[in-house]
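Residue numbers (our numbering), protein chains in the order written: chain G, 1 to 72; chain V, 1001 to 1072; chain D, 2001 to 2253; chain Y, 3001 to 3253; chain E, 4001 to 4190; chain U, 5001 to 5190; chain L, 6001 to 6349; chain S, 7001 to 7349. Working notes, structure below.
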Amino acid sequence: MARKGDIVIDIERCKGCEVCLEACPNQVLAISNAVNSKGYHYAVKVNSNCIGCANCAVVCPDAVITVYREKK
Amino acid sequence: MARKGDIVIDIERCKGCEVCLEACPNQVLAISNAVNSKGYHYAVKVNSNCIGCANCAVVCPDAVITVYREKK
Amino acid sequence: MADSLIDPGNLVYKRTDVLNDRIMHYCPGCGHGTAHRMLAEAIDELGIQSETIGVAPVGCSVLAYYYLNVDMSEAAHGRAPAVATGIKRVFPEKYVFTYQGDGDLAAIGTAETIHACNRGENILIVFINNGIYGMTGGQMAPTTLEGMKSSTSPRGRDISSMGNPLKMTELVAQLPGTYFVTRHSVHTPANVRKTKRALKKALEYQKLNKGTCFVEIVANCPSGWKMTPVQSNKWMEQNMFPFYPLGDIKVPE
Amino acid sequence: MADSLIDPGNLVYKRTDVLNDRIMHYCPGCGHGTAHRMLAEAIDELGIQSETIGVAPVGCSVLAYYYLNVDMSEAAHGRAPAVATGIKRVFPEKYVFTYQGDGDLAAIGTAETIHACNRGENILIVFINNGIYGMTGGQMAPTTLEGMKSSTSPRGRDISSMGNPLKMTELVAQLPGTYFVTRHSVHTPANVRKTKRALKKALEYQKLNKGTCFVEIVANCPSGWKMTPVQSNKWMEQNMFPFYPLGDIKVPE
Amino acid sequence: MTEEIIIAGFGGQGVLSMGQILCYGGVMQNLEVSWMPSYGPEMRGGTANCTAIISDQLISSPVLSTFDTAIVLNQPSMDKFENTVKPGGLLIYEENGTTRKPQRTDINICAISAFEESVKMKNTKVFNMIIIGGFLKMKPVIDLENVIKGLKKVLPDRYHNLIPLNEEAIRKGMEIIKPEHVALIRDIHS
Amino acid sequence: MTEEIIIAGFGGQGVLSMGQILCYGGVMQNLEVSWMPSYGPEMRGGTANCTAIISDQLISSPVLSTFDTAIVLNQPSMDKFENTVKPGGLLIYEENGTTRKPQRTDINICAISAFEESVKMKNTKVFNMIIIGGFLKMKPVIDLENVIKGLKKVLPDRYHNLIPLNEEAIRKGMEIIKPEHVALIRDIHS
Amino acid sequence: MKGNEAMAEAAIRAGCDAYFGYPITPQSEIIEYLMHENPAERTGMVVLQAESEIAAINMVYGAAGCGKRAMTTSSSPGISLKQEGLSYIAGAELPCLIVNVVRGGPGLGTIQPSQSDYFQAVKGGGHGDYKLIVLAPATVQESVDYVKLGFDLAFKYRNPVMILSDGIIGQMMEKVELFEQQPLLTEEFEWATVGKKPGRSSVFVTSLQLKPEEQENVNHRLQAKYREIEKHEVRYESFLCDDAEYLLTAFGSCARITKKAQEIAREKGYKVGLLRPQTLYPFPTVAFNKLAGQMKGILTVEMNAGQMVEDVRLAVNGQTRVEHFGRFGGMIPDPEEIFQAFEQKIIGG
Amino acid sequence: MKGNEAMAEAAIRAGCDAYFGYPITPQSEIIEYLMHENPAERTGMVVLQAESEIAAINMVYGAAGCGKRAMTTSSSPGISLKQEGLSYIAGAELPCLIVNVVRGGPGLGTIQPSQSDYFQAVKGGGHGDYKLIVLAPATVQESVDYVKLGFDLAFKYRNPVMILSDGIIGQMMEKVELFEQQPLLTEEFEWATVGKKPGRSSVFVTSLQLKPEEQENVNHRLQAKYREIEKHEVRYESFLCDDAEYLLTAFGSCARITKKAQEIAREKGYKVGLLRPQTLYPFPTVAFNKLAGQMKGILTVEMNAGQMVEDVRLAVNGQTRVEHFGRFGGMIPDPEEIFQAFEQKIIGG
Ligand SMILES: Cc1ncc(C[n+]2csc(CCOP(=O)(O)OP(=O)(O)O)c2C)c(N)n1
Ligand SMILES: Cc1ncc(C[n+]2csc(CCOP(=O)(O)OP(=O)(O)O)c2C)c(N)n1
Ligand code: SF4
Ligand code: SF4
Ligand code: SF4
Ligand code: SF4
Ligand code: SF4
Ligand code: SF4
Ligand SMILES: [Mg+2]
Ligand SMILES: [Mg+2]
């Protein structure tokens, strides 16, 4: 089974482009109703299915996401 | 046998480049010792072996030569 | 529980220090950001930050110097390869790259691009092909596809009056001065990773003095294309890639 | 006796009226003169003198308008394809040609050349490749061969610092906008005749509106090469043709 | 009568077209108008704004540093333009988009919840029309009928079916605008 | 002393280098010099010419419209420059290259058959040195020794073996120059 | 209508045959509008997006050489690239219209409005002695009218005409009345490359002269033409100059703002006139010279570091003090600060 | 040595790091000489023939941005093409040297000497408010010296410097003394792109400002720098001005010829002075202004249709009459006709 992972979203940088949503294999991400100070609806983690694959972070144009994964 | 030909050289236009000499199959042409008013040693006809092939005229960069050939 | 994972020991991905922490001005979902990051990571991983000099001409990425944490020069529209030549010729030991849009590289800068490549300048040219003039508001670029709409081809690009989309990358691959020519994208994790590998390779080759390395990145421009970012990536796969197929075009033997 | 031959009835070759009778300023033996004459003869034989507009940019042939008996526009260095585009777009029914040197077409004018060809402008581009900047006194051109001496490559062209000789004709043949691309010479009677046929064909094709026709003429520059005309033609055969092989590169199907 | 207005917010909030609609409305009412955007996609992100001037005299300068009315739709715009309102002028701010209340006491201040209202109307596209309504309530410089005519000019033909919805939004805006602070009301016909 | 010379002929007759050799010679003799060609391969055909000025004072203008001496090597140059010789000045013309004699009577006129002579010397390359010789005979503004030094500057090293031949040509020129018309001789040291 | 769009519509209506352009802010709306309008269908006008500004100006050279109404538009950096082409067009005496929607420089600068290309436009940014006729609109209406006037002058004098607009005029919207559609030119000019008709000699369009004597003649002809233009084509507008003791002067958008400053000054009791040159070349030298005598001081207001002020000083020739007030780099002066500058530099100075 | 060659040799000796150029008459000898000398071996200097003038000026931009001594040379049409690049270089405040060996314009014109690019050089042929420092050599010796001076000024002010030569100075040969070889620069300037050292933030070379406020600040900084340059770097030469009642003025090669005309005038008993600006920007405004009071008239002599005359008039500010005499299009005035013009326009006028 995949290892467990987690992410940190720097919501002030997020522009709500949803590219990370597409990239996540486990539908961990969604777009919030709230906006950040730039007026963007930002990405949020909606479950704990993250496996720390970093796909979301790798495709994020704004380098918003930091990824962690439990060590073997 | 090849038909007979003849050429007329407009010596004032000639720049003595010798390109026509190279192109003539019958060594009809040579460069004169005299110069024209531009200071060029111009091409002259030195024999009557011309067959009117027009090679000289065709390669002449300065459109110096007019070619005639006896009609069949 | 999950919180316990957030610990430096478990870190698998964070933004590279070769990007500073300014928020980029790009539109949401724009490929420029990802391309910047990959370039930054490549520089980071090669440990050449202090020996790298970049050139970004006008285009949406004109402010690349504001985000990439390396010494950089802004260049006039289309002239980045000439500016990079000037830099590389006085600093042959440094790593020099340009980062150019398709309007820049393939329209006004055609001569500079062709000639830098033909001279085999030992530089890396990063070519962001989004099929449009992003910065100026979505006009037709030399790379705009047939039938594609833009603000200056509102009924779609009409080849007979506006000309053909130009495959600049294939052209420069013909030139003996280029050493490594390849085409990538940054719209999926796998493609992003491939792009980084290509950029790293291209920078490494610069040490060999074998000629110009040319990395095209086919990218989206959600604003110019008038699509959402996710739509634009789909559209790119369906329309751009068939015409601009991804993959290596010229590789060192 | 021979004199009797000189009679209009026996005429087999005389200068065409599409050349006026000014003495050309070209150096002795220079290929420009022959190329002019072939172009003039092609226009003459097609009977399109009154519908033809030419463009000659700077280069030794900048005065082409002074010899060719058609309406012509002098153009800035490298910009003939743009000027011709301007003409053709307002006069789509006319025959429009450019007559450009290699410095002009393949250095400063690279962008204009590539883009006119890529747009498929329905014009004829005549490209005189003499591997040198003739007019300005024999400097290196983009087409100067490796090792070839010129006033700016006095020890011969060194590829590593000066770049590669550029095969512009092969490049434009890659572009979908070109319809007919071919390479010729005017140094022997046979080649001269072939060149004329190519020029005629290219002009005729203009009626079809199928794209740009591009006729390269590899030519000598005795002054720039510092050879006699006859030597220069030999040298051209031995050195230029292997690198710039004569023949058709792209022909209509 | 001269009314000098600045409208500012995020790109995408319809800031520029609000100004245009008001100006076209002014033209319909035979007034002089001038509209000037903070232009240029060369400058991405940040705020967009436009200056709209409606007057019964020839307009000399299309660019101004102080305004009769500021309409601000987000916090950065409030920060930037609150101080540009002339004493006795009007500041309208959108409640959802801003995080703090205006500070000035020498001007008239109104709040409007246009975003909320547009969600209620199930069409966030009418957001800016609601605000136009609010503005016209406070400063009836142009008749509603002429504003609608102006709208027809700005809207592509294929959207003309949406005119009634937009008119409704304007009326809604007139209803929901909330004066929060009243200073000396400057005569709008000065 | 100021000597202002124009040298004109066909390209390829060594017109430009004649002027250069004289000027370098002048430098060797510690004089001020100026040499100015009619330049530019952008202008093909026609005549080439250069202006050489040798003086013991600072030279103000390198470009002149009248000259102390004109050396003309072909007919077009004679046509163009005969009238630019100052009264009392000197005109030297090459006989083979020109088709008519000069007309003026207020100047000194010399003919020189340099081409013929060079053919006799079996080296047409010394043509221009013969003419230099003729000029120096008439106007000994520079010592032969310094002219030879100047020549060394102009000639690439690999041709230095030809110096004696050139010196011979200069002397020959001094011999064969033929004064044809003598007007008032202006003092060359004026 | 936006100023830029209005100019584009005016081009179609003025019977322009060919437009060649390249995108650059703040003028891209011109080509966008044209592409959208598709005038090929309305009038037969050609619209082509060129590969660069240099290509565009040379396309104009080609089309203008055919005796057609040709135009290009750009903004500052793009106009710099056109300088060689402009010099060629002036040298070959071709009529055409160039629009510069000026932005802040130097270099890439800003995209905000500026007037810092005055010198480039009137003194000749390209090489050689040549002049463009330079029109400076202050309203969207004038932008429109000057397109037509520009083509008329261009053909009258066979000379390139430049409209020096700026980001304000290009981007703003105001009321405008458009003139009626003009027919396309059908005349075959004897100087134009239209194909050599039998019986006439071939035409060539060129700025080359091998002999300096001939080039000097060309220059004399050009200079004579410029004298004619200076005699006949000066245009300016003046406001309340009769009783004025002080003069404000400004061109283009800046003149609108300065007019408001004039109002402020008049309100405060200063007798201030305003002179607005509408043609920057030919410059209203005589008008300034005549007015200068009655003035205690002149203030030029420009969105640059001081350019037109030199032409004003040349015109005034020492008769009175001429000062400059400028904002630049894309900053726009407001009427109040202009008035303050007036008080400080002219009244107080 | 030919003027052009002497300048090329001077560039090597001045420790120039990089030359980028493109052939054009009458300046091609510069790159030819450099290629022949192969300074890569003598000093390590890079010499590259670019694909165009535009590429060349942008290569200069790149190399200058590295804090290196970079230069390019061209002639009029080529200089027009460099205008955008020059504006960028001025905006980014990079030091570099540009040589314009002027020929007759406009357009392709002639290859003969001219001074008709004065306006382009001093008023800013490119867009925006910027200034080049412009040096006008009158002798081959000055051409040489100004190469060194030019680099020094360029680095002192981080500003592009132009040497405005012409076909006469470039093509003529005269005696010249060359200075000693200078070492190449080794300093790493803090404004230069040399690779981001750890501990310092990254450097960027740019002329872009998004905000007009910032662009205005840049412009203020530039203008302040120009005021400094105007204060410290004016250079001119005057001859017999003390007792003069009339003044001749000319620059570059034309000043040599005018000097001869001055001699003629003095011989005829006219008290004529000569002022020769060596820096065209900064212009010797103060010197002219001071002298003007004592003059009954001033004649500027230029190989153009009247360009520097405007700066003279601005300096003189109406104190006395300023007339212009010019030959152009490649024609060169001779001393006699200058004297005649003086008699006619100044004495008789
Ligand atoms: C000389 C010049 N011409 C035009 C412009 C305007 N301009 C700025 S960026 C740009 C093109 C942008 O397109 P691209 O290079 O494809 O970059 P993108 O924004 O799409 O990433 C243009 C035309 C300019 N700044 N300078
Ligand atoms: C902008 C500009 N740059 C440079 C020149 C100088 N110039 C004139 S012709 C020419 C090149 C000539 O070479 P080519 O095009 O090969 O023609 P050729 O003379 O060999 O036939 C150059 C560099 C110019 N006239 N204009
Ligand atoms: S990809 Fe990045 S910017 Fe886009 S929504 Fe996800 S976190 Fe936000
Ligand atoms: S790291 Fe992988 S699993 Fe976790 S949120 Fe990102 S994409 Fe989804
Ligand atoms: S080819 Fe022509 S120019 Fe050359 S020598 Fe023969 S006739 Fe004369
Ligand atoms: S026509 Fe033929 S045979 Fe006669 S001279 Fe010419 S080349 Fe020789
Ligand atoms: S306009 Fe296009 S390319 Fe530019 S930032 Fe926006 S999405 Fe990216
Ligand atoms: S220089 Fe060369 S190309 Fe030019 S005319 Fe002479 S030989 Fe011909
Ligand atoms: Mg793009
Ligand atoms: Mg060539």
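Ideal placement from N, C-alpha and C gives every residue a C-beta, glycine not left out. Keep in mind that this is a model prediction, so the values were computed, not measured.
- Of the heavy atoms belonging to ligand 5, none sits nearer than 7 angstroms to the Cβ of Y3067 (chain Y).
- Sequence-distant partners of G4019 (chain E) (beyond 5 residues in either direction) whose C-beta falls short of 8 angstroms from its own C-beta, in its chain, are I4005, I4007, W4035, P4037, C4050, T4051 and A4052.
- Inclusion of V2126 (chain D) and Y2095 (chain D) in the CB contact set at 8 angstroms is not warranted, their separation being larger than that value.
- For the pair F6342 (chain L) and A6265 (chain L), the Cα-to-Cα distance works out to about 9 angstroms.
- Judged by DSSP in its simplified three-state form, F7179 (chain S) adopts coil rather than helix or strand.
- Taking CB atoms only, E7174 (chain S) has a neighbour in chain U less than 8 angstroms away.
- Spatial neighbours of N6058 (chain L) in its own chain (CB-CB distance under 7 angstroms, excluding positions within 5 residues in sequence) are listed in chain order as G6085.
- K6225 (chain L) and G7126 (chain S) have their alpha carbons spaced roughly 25 angstroms apart.
- Chain D has no Cβ within less than 8 angstroms of the Cβ of A34 (chain G).
- By DSSP's assignment, N6219 (chain L) forms no beta bridge with any residue.
- Taking the CA atoms as reference points, G5009 (chain U) sits about 21 angstroms from T3228 (chain Y).
- For C4023 (chain E), the uninterrupted alpha helix (DSSP H) run begins and ends at V4015 to M4028, by DSSP.
- At a threshold of 7 angstroms, V67 (chain G) counts as near ligand 4, since its beta carbon sits closer than that to one of the ligand's heavy atoms.
- Within the model, the alpha-carbon separation for L7184 (chain S) versus D3071 (chain Y) is close to 54 angstroms.
- Cβ-Cβ separation between L5031 (chain U) and S5055 (chain U): approximately 6 angstroms, consistent with a contact (criterion under 8 angstroms).
- Assigned with DSSP and collapsed to three states, C2117 (chain D) falls in helix.
- The set of residues with any CB-heavy atom separation to ligand 8 below 6 angstroms comprises, in chain order, Y:Y3026, Y:C3027, Y:C3030, Y:H3032, Y:C3060, Y:N3130, Y:G3134, Y:M3135, Y:C3221, Y:P3222, Y:S3223, Y:G3224 and U:R5044.
- Listed as beta-bridge partners of D1006 (chain V) by DSSP are V:Y1068.
- As the crow flies, the alpha-carbon of S6075 (chain L) is around 10 angstroms from that of L6164 (chain L).
- In the pairwise beta carbon analysis, the segment 6317-6333 of chain L is classified as touching the segment 7209-7226 of chain S: at least three pairs are separated by under 8 angstroms.
- Put simply, of Y:M3140, Y:V3083 and Y:A3198 the residue whose alpha carbon is nearest the alpha carbon of T6193 (chain L) is Y:V3083.
- The segment 2215-2234 of chain D makes contact with the segment 2138-2157 of chain D: 3 or more CB pairs, one atom from each, lie closer than 8 angstroms.
- With a threshold of 8 angstroms between beta carbons, F6189 (chain L) makes no contact with chain Y.
- For Q6049 (chain L), the beta-bridge partners assigned by DSSP are L:G6021.
- Contact check between the segment 6085-6096 of chain L and the segment 6130-6137 of chain L: three or more CB pairs, one atom from each, fall below 8 angstroms, which counts as touching.
- Judged by beta-carbon spacing, L3068 (chain Y) lies beyond the 8 angstroms limit of V3012 (chain Y), meaning their Cβ atoms are not closer than that value.
- In the displayed model, L4073 (chain E) falls within coil according to three-state DSSP, outside both helix and strand.
- With 16 or more neighbouring CB atoms inside 10 Å of its own CB, P7137 (chain S) falls in the buried class.
- Secondary structure note for N7289 (chain S): it is in no beta strand (DSSP E), and the uninterrupted alpha helix (DSSP H) holding it is T7285 to A7292.
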